[in-house]
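Asks:
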Amino acid sequence: MIRIYNTLSQRKEEFSPLQPGKVRMYVCGMTVYDYCHLGHARVLLAFDVITRYLRHRGLDVHYVRNITDIDDKILRRADENGEPFTALTDRMIDAMHEDEQRLGIVPPTEEPRATAYIDDIIRMINTLVSKGFAYAADNGDVYFSVKAFDGYGKLSRKKLDDLIAGARVDVAEAKQSPADFALWKAAKPGEVSWPSPWGDGRPGWHIECSAMSTCCLGDTFDIHGGGPDLLFPHHENEIAQSESATGQPFAKLWMHAGAVRVNQEKMSKSLGNFFTIREILERYPAEVVRFFLVSSHYRSQVDYSEANLEEASRTLTRLYHALRGITPAVDTPATEYDRRFQEAMDDDFNTPEASSVLHAVASDINLHRRESRESDARASAGVLVRLGGILGLLQQEPENFFQAESVGDLSATDIETLIEARNQARKNRDFAEADRIRDDLAGRGIILDDSREGTSWRRG
RNA sequence: GGCGCGGUGGCAGAGUGGUCAUGCAGCGGACUGCAACUCCGCGUACGCCGGUUCGAUUCCGACCCGCGCCUCCA
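In short: position in the first sequence from 1, add 513, done, that's my numbering.
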């Protein structure tokens with residue numbers, strides 16, 4: 514039995530898909546005006562692990578993650594760059610796919626783009642207007658009337674009166690109420706636009722997701738996810754739009770990832786601590802980044818810092834050390850560890866608990882190996898690779914992990930030549946020379962590991 | 001101010017009404033030419049004050065502190 518925390522009910526709930534065996538999940542994706550940052554990585558990785566695990570449990574997951582490719586920020590940035598907005602969005606989408614691939618993110622089943630759903634968006638707005646949930650303002654904008662939807666605030670637990678009282682008063686406000694939000698924005702002169710019953714314009718942000726999710730998954734689906742800051746107003750507004758338009762319940766379960774901080778501060782451009790995925794991948798291997806994120810629960814806040822990433826790297830190294838020089842057995846029968854792992858993951862995807870199981874298996878491998886129980890070691894290694902794989906970890910050859918080269922490094926051949934020289938010196942009991950070579954390599958970031966089978970090395 | 005989340009050993013990070021998290025770092029021992037890796041063992045903990053209970057880090061209440069959202073933001 515899988516239990517998942519539902520933001521809507523504020524508790525863990527037993528997960529039972531609307532359609533047995535099938536999971537329909539929608540996650541709010543990127544607005545493609547810039548490179549993806551660490552916060553995006555968190556959401557990407559959280560739902561990657563969730564998707565992998567649900568599939569591992571035999572569920573057929575239909576995973577939709579949208580791309581917002583029309584929006585104020587996109588138009589502004591394209592304007593600054595002096596390029597058509599589609600040139601910007603195409604480039605950023607390519608970059609995003611590259612980042613995802615490097616992080617080993619399983620691609621979503623569908624990746625709808627807002628500009629490909631303009632007709633559906635207009636249709637939904639039309640429905641809302643005709644049902645009395647939305648109105649066209651004099652300026653060509655169309656707004657959702659928040660007071661027309663009784664359930665407004667049920668996700669974020671906000672009271673409509675507070676929102677109205679707290680709202681800023683805009684100049685030249687075309688809204689009937691300050692809490693109302695735009696479904697359709699009238700085009701400004703020279704701006705890209707699409708024709709609509711209310712004049713040329715473009716969709717508001719929130720309506721895109723309502724339209725794309727219902728088009729891809731139906732009026733009601735199982736899981737809706739996203740980043741922590743989307744809870745309000747974005748997700749609240751999606752519920753209002755979708756349930757008003759369809760008359761059906763929207764998503765059954767709402768999942769939100771935790772925030773990412775950097776050195777105990779909020780990540781922001783003004784603080785200068787804003788990291789893109791590609792910047793981070795220049796400093797740390799993708800698997801270390803994944804392991805770091807998987808080491809805390811997907812709902813908790815994480816702090817990105819050099820110390821934390823270094824620790825993740827050391828910890829992952831231990832796991833790969835256990836697998837080094839072993840051919841993992843395939844089709845190993847399920848063990849007590851598989852059971853514990855599943856129990857942890859069934860409980861709202863408790864990856865920290867699950868990774869403690871990984872360490873237990875690694876200890877077993879080390880012990881078997883030390884006591885020369887080769888087939889037991891191979892069997893345990895099979896379990897470790899299997900369980901790691903569910904989290905997207907431990908799938909590369911240990912030697913690749915340890916010896917992955919970055920520019921300017923000593924080549925593998927050079928290193929092996931030096932190791933040979935050192936072993937010759939050791940054979941001659943010239944330990945001064947042997948230690949000199951080892952220290953020299955250590956100074957260049959190469960750590961040697963001697964064992965009965967010989968000397969292996971890794972980049973530290 | 002409103003809504004929500006959290007305060008666990010040097011650090012990271014799970015969890016539980018009453019013997020174990022786990023990892024990193026540290027210490028002792030084994031292994032090693034010496035190290036590294038590995039193995040065995042060790043230590044330090046549940047913000048504060050009350051309450052419930054035979055017993056609370058775990059439940060309840062107050063307080064203090066931190067964080068997120070309330071505006072575009074993953």
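Glycine is no exception: its CB is placed at the ideal position from the N, C-alpha and C atoms.
These numbers come from a predicted model, not from an experiment.
Can the beta-carbon of Ser-781 be found closer than 9 Å to that of Gln-754?
Replies: Not in contact: Ser-781 and Gln-754 (Cβ atoms no closer than 9 Å).
Asks: Looking at the structure shown, is Gln-855 part of a helix, part of a strand, or coil, going by DSSP?
Replies: If DSSP states are grouped into helix, strand and coil, Gln-855 belongs with the helices.
Asks: Please state the DSSP three-state secondary structure of Val-705.
Replies: Of the three classes helix, strand and coil, the one that applies to Val-705 here is coil, per DSSP.
Asks: Less than 6 Å between C-beta atoms, sequence neighbours within five positions excluded: which residues of the same chain meet that for Pro-533?
Replies: Excluding residues within five positions, none has a Cβ falling inside 6 Å.
Asks: Kindly list the residues whose CB is nearer than 7 Å to the CB of Met-609, restricted to its own chain and excluding five residues on each side of it in sequence; keep chain order.
Replies: Met-543, Val-545 and Cys-549.
Asks: Starting from Ala-695, trace the beta strand (DSSP E) both ways and give me its first and last residue.
Replies: Element bounds for Ala-695: 694 to 699.
Asks: Taking 7 Å as the limit between beta carbons, can you name the residues of its chain near Asn-879, skipping five residues before and five after?
Replies: Closer than 7 Å at the Cβ level, and outside the excluded window around Asn-879, lie Ala-835.
Asks: Can you find the residues in the same chain that come closer than 6 Å, C-beta to C-beta, to Ser-826, ignoring five residues on each side of it along the sequence?
Replies: Result list for Ser-826: Val-801, in chain order.
Asks: Which residues in the same chain have their Cβ closer than 6 Å to the Cβ of Arg-524, if we skip the five residues on either side of it in sequence?
Replies: Excluding sequence neighbours, Arg-524 sits near nothing in its chain.
Asks: Where does Ser-529 land, buried or exposed, given buried means 16+ other C-beta within 10 angstroms?
Replies: Burial call: exposed.
Asks: Buried or exposed for Ala-685, please, with buried defined as at least 16 other CB atoms from any protein chain shown within 10 angstroms of its CB.
Replies: Only weak support exists for where Ala-685 lies, its pLDDT of 47 falling under 50; the value from the coordinates is given anyway. It is exposed - the Cβ of Ala-685 has fewer than 16 other Cβ atoms within 10 Å.
Asks: Within the continuous beta strand (DSSP E) that includes Ala-687, where are the two ends?
Replies: Taken as a continuous stretch (DSSP letters only), Ala-687 belongs to no beta strand (DSSP E), as it is neither H nor E.
Asks: May I ask you to list the residues that DSSP assigns as paired with Lys-535?
Replies: Answer is Gln-532 and Asp-573.
Asks: Using only CA atoms, which one of Leu-730, Asn-579, Arg-803 and Arg-604 lies nearest to Gly-617?
Replies: Closest option to Gly-617, Cα to Cα, is Arg-803.
Asks: Return the residue from the list Phe-662, Val-870, Glu-918 and Val-574 that minimises the CA-CA distance to Val-898.
Replies: The residue with the shortest Cα to Cα distance from Val-898 is Val-870.
Asks: Using a Cβ-Cβ cutoff of less than 8 Å, which residues in the same chain neighbour Val-705 once the five nearest sequence positions on both sides are dropped?
Replies: Only Ile-583, Leu-588, Phe-598 and Arg-715 meet the Cβ criterion.
Asks: Going by beta-carbon coordinates alone, are Ala-892 and Thr-845 separated by less than 9 Å?
Replies: Yes. Within cutoff.
Asks: Check whether the Cβ atoms of Arg-578 and Leu-794 lie closer than 9 Å to each other.
Replies: In this structure, Leu-794 does not lie closer than 9 Å to Arg-578 by Cβ.
Asks: In whole angstroms, what separates the C-alpha of Phe-745 from that of Thr-733?
Replies: Looking at the two C-alpha atoms, the distance is approximately 20 Å.
Asks: If you draw a straight line from the alpha carbon of Leu-531 to that of Val-574, how long is it in whole angstroms?
Replies: Whole-angstrom Cα-Cα distance: 12 Å.
Asks: I'd like to confirm the pairing. Which residues does DSSP put opposite Lys-779 in its beta bridges?
Replies: Bridge partners of Lys-779: Arg-774.
Asks: I need the straight-line Cα distance from Gly-956 to Arg-886, nearest angstrom please.
Replies: Going from the Cα of Gly-956 to the Cα of Arg-886 covers about 36 Å.
Asks: Taking the continuous alpha helix (DSSP H) assigned at Ala-608, which residues delimit it?
Replies: Here the alpha helix (DSSP H) through Ala-608 covers 598 to 616.
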